[in-house]
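K.L.:
In full-length UniProt numbering, the protein residues as written are 1 to 385. Please see the structure below; I have some questions.
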Amino acid sequence: MATMMMMKPAQLAQRGAFGRAAAPAAGGRGLSVRANAAPKLVQKAEYIWTDGQEGEPHKGLLFNELRSKTKTFAKENGLDASEYPDWSYDGSSTNQAEGDNSDCIIRPVRVVPDPIRGAPHVLVMCEVFGPDGQPHPSNTRAKLREQLTPKALEQDCWFGFEQEYTMLARSGRPYGWPENGFPAPQGPYYCAVGSESVYGRPLVEAHLEACMAAGINISGCNAEVMPGQWEFQVGPSGPLDVGDEVHLARYLLHRLGEDFGIVVTFEPKPMVDWNGAGAHTNFSTKDMRQPGGMDAILASIEKLSKTHVEHISQYGLNNDQRLTGKFETSDIDTFKFGIADRGSSIRIPLPVQLKGYGYLEDRRPSANVDPYNVARLLIKSTINM
């Protein structure tokens, strides 16, 4: 197993990406620059968007829904998305357009500091639009915006995503697992400490540091039940913010994985007979968070019981392999809720039950779920129906 070393964001800015020396300055050895040829370029902006590949067979185990490319600027723009222009890309290469009319438009909606390249460089989360200026069918953020009605806004919905993922070697084998055979059975790995039970912590720490430096509302991380499987949490945040930040955190995890030689998959069931990977979602409204809010929680659960099929249809690819009623999951075809029950569709945490108000946990979403879809459906089912 390769030795992995951790760098602080300040070091990243000095050296460039993890472990690589920064490129020589213009005019340095091996470079020639014409005087007054063009304005000096001072900022890199990484435009990030979601593609249209979900469900494509070639994705297989290495599911990845994000794309990105770099745009340079001759001035240092700030963190206001309106300072960054729309851009275009070849939608025929991302399953979002035909070759004879292939341009898709990416429109900046959220900008954060780039913790890998360092200041003044930024990450730019974008929505996708078609050539007619309308939201692309794959633009689930736009569909979420449609659910932000006055009634929904008045309820000030909060979301917290528990994003599980699995580290893989480039061979596709879970990271840290023996090449032949299997590690010891599940039990000692959850929230474990020690090299006999923990694999890949340097990447986890680098990712946590990067998310914090980017201003992402990452609230924690921990080792999960299957060895080589981890989780980070984003939120509580509003519906658009939490979706943006989950995608940005996923991007950083993939990007740092490149430097560590580790593949990150959000596949919900990477290994048969081991725990799968989900994206349990904590959800609350203003009414739920007030004293006596248990009535609002139970009323929302009753509404969710009536829209179970719709939620399951959009709660992630291959989720049927994970929601089997085993390995701390509910059965995909059966809706049930319980207090402190990790085998339920909707769980009411014990502290919430004891206080009588708080939030509910939707345990159905898979790790590869679109966070905008989860927020949209929870708002639609509990508030806008």
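The C-beta atom is built at its ideal place from N, Cα and C for all residues, glycine as well. All values reported here derive from a predicted model rather than from experimental measurement.
Would you be able to state if there are at least three C-beta pairs under 8 Å between the stretch 119-134 and the stretch 349-362?
P.N.:
Not touching, per the Cβ criterion.
K.L.:
Compare the Cα-Cα distances from Ala-313 to each of Leu-377, Arg-110, Ser-237, Gly-276 and report the closest residue.
P.N.:
Note that residue 313 corresponds to Ser in the displayed sequence, not to Ala. Nearest option by C-alpha distance: Leu-377.
K.L.:
Considering Ile-297, what are the terminal residues of the beta strand (DSSP E) in which it resides?
P.N.:
Element bounds for Ile-297: not the beta strand (DSSP E) but the alpha helix (DSSP H), 294-305.
K.L.:
So, at 7 Å on beta carbons, what are the nonlocal neighbours of Cys-126 in its own chain, with the 5 sequence-adjacent residues on each side left out?
P.N.:
Cβ neighbours of Cys-126 beyond the five flanking positions: Tyr-47, Ile-48, Trp-49, Ile-106, Arg-107, Pro-108, Val-109.
K.L.:
Runs of 4 residues minimum, wholly inside the stretch 174-245: which ones carry the alpha helix (DSSP H) assignment?
P.N.:
For the stretch 174-245, whole alpha helix (DSSP H) runs of length 4 or above, ordered along the chain, are 201-213.
K.L.:
Would the stretch 242-252 and the stretch 196-211 be scored as touching if the rule is three or more Cβ pairs under 8 Å?
P.N.:
Counting Cβ pairs under 8 Å, three or more are found: they touch.
K.L.:
Since Cys-157 and Ile-379 should fall inside the 8 Å C-beta cutoff, what is the C-beta to C-beta distance between them, to a whole number of angstroms?
P.N.:
6 Å between Cβ atoms; contact.
K.L.:
Just to confirm the assignment, what range does the beta strand (DSSP E) spanning Thr-72 have?
P.N.:
Per DSSP, Thr-72 belongs to the beta strand (DSSP E) from 66-73.
K.L.:
When burial is assigned at 16 or more other CB atoms within 10 Å of the CB, is Asn-180 buried or exposed?
P.N.:
The residue is exposed, with fewer than 16 neighbouring Cβ atoms inside 10 Å.
K.L.:
Cα-Cα, which of Pro-371, Lys-355, Leu-354, Ser-344 is closest to Arg-363?
P.N.:
The shortest C-alpha separation from Arg-363 is found at Ser-344.
K.L.:
State yes or no: is the C-beta of Lys-40 within less than 8 Å of the C-beta of Thr-70?
P.N.:
It is not a contact, given that the beta carbons lie outside the stated cut-off.
K.L.:
Using 8 Å as the threshold, is the C-beta distance between Pro-239 and Phe-159 below it?
P.N.:
The answer is yes: Cβ separation under 8 Å.
K.L.:
On the three-state DSSP scale, how would you describe Leu-153?
P.N.:
Leu-153 falls in the helix class under three-state DSSP.
K.L.:
Could you say which of His-311, Glu-267, Thr-382 lies nearest to Ala-368 if we only look at CA atoms?
P.N.:
For clarity, residue 368 is Asn in the given sequence; the question names Ala instead. Minimum Cα distance to Asn-368 is reached at Glu-267.
K.L.:
With Val-198 and Ala-223 assumed to form a contact (beta carbons below 8 Å), what rounded beta-carbon distance in angstroms separates them?
P.N.:
Val-198 to Ala-223, Cβ: 6 Å. Contact.
K.L.:
Please classify Phe-283: is it buried, with 16 or more other beta-carbons within 10 angstroms of its beta-carbon, or exposed?
P.N.:
The residue is buried, with at least 16 neighbouring Cβ atoms inside 10 Å.
K.L.:
Looking only at C-alpha atoms, which of Ala-142, Val-272, Ser-305 sits nearest to Thr-324?
P.N.:
Of Ala-142, Val-272, Ser-305, the residue nearest in Cα terms is Val-272.
K.L.:
If Leu-203 and Met-167 are in contact, beta carbons under 8 Å, what's the gap, nearest whole angstrom?
P.N.:
The pair is a contact, with the Cβ atoms about 7 Å apart (cut-off 8 Å).
K.L.:
Can you tell me the Cβ-Cβ gap for Phe-73 and Gln-163, rounded? I've got them flagged as a contact below 8 Å.
P.N.:
So it is not a contact: roughly 31 Å between Cβ atoms.
K.L.:
For Lys-303 and Ser-381, what's the separation of their Cα atoms in angstroms?
P.N.:
The alpha-carbon atoms of Lys-303 and Ser-381 are separated by roughly 6 Å.
K.L.:
Counting only runs that start and end within the stretch 340-368, where is the alpha helix (DSSP H) found for 4 or more residues in a row?
P.N.:
Whole alpha helix (DSSP H) segments, 4+ residues: 350-355.
K.L.:
The alpha helix (DSSP H) that contains Val-124, what's its start and end?
P.N.:
First-last for Val-124: 122-129, but that is the beta strand (DSSP E), not the alpha helix (DSSP H).
K.L.:
For Pro-57, which of helix, strand or coil comes out of DSSP?
P.N.:
For Pro-57, the predicted model reports a pLDDT of 40, less than 50, meaning its position is unreliable; a value from the coordinates is still stated below. Correct three-state label for Pro-57: helix.
K.L.:
Rounded C-beta distance between Tyr-357 and Gln-290? I'm assuming under 8 Å.
P.N.:
Going by Cβ atoms, the distance from Tyr-357 to Gln-290 rounds to 6 Å, so yes, they are a contact pair.
K.L.:
Starting from Pro-135, follow its DSSP beta bridges and name the residues at the other end.
P.N.:
Phe-129, per the DSSP bridge assignment.
K.L.:
State the Cα-Cα distance for the pair Asp-114 and Arg-141, rounded to the nearest angstrom.
P.N.:
So the alpha carbons of these two residues sit roughly 22 Å apart.
K.L.:
Within the continuous alpha helix (DSSP H) that includes Leu-377, where are the two ends?
P.N.:
First-last of the alpha helix (DSSP H) with Leu-377: 371-379.
K.L.:
What are the start and end residues of the beta strand (DSSP E) that includes Lys-44?
P.N.:
43-50 is the span of the beta strand (DSSP E), which, as asked, contains Lys-44.
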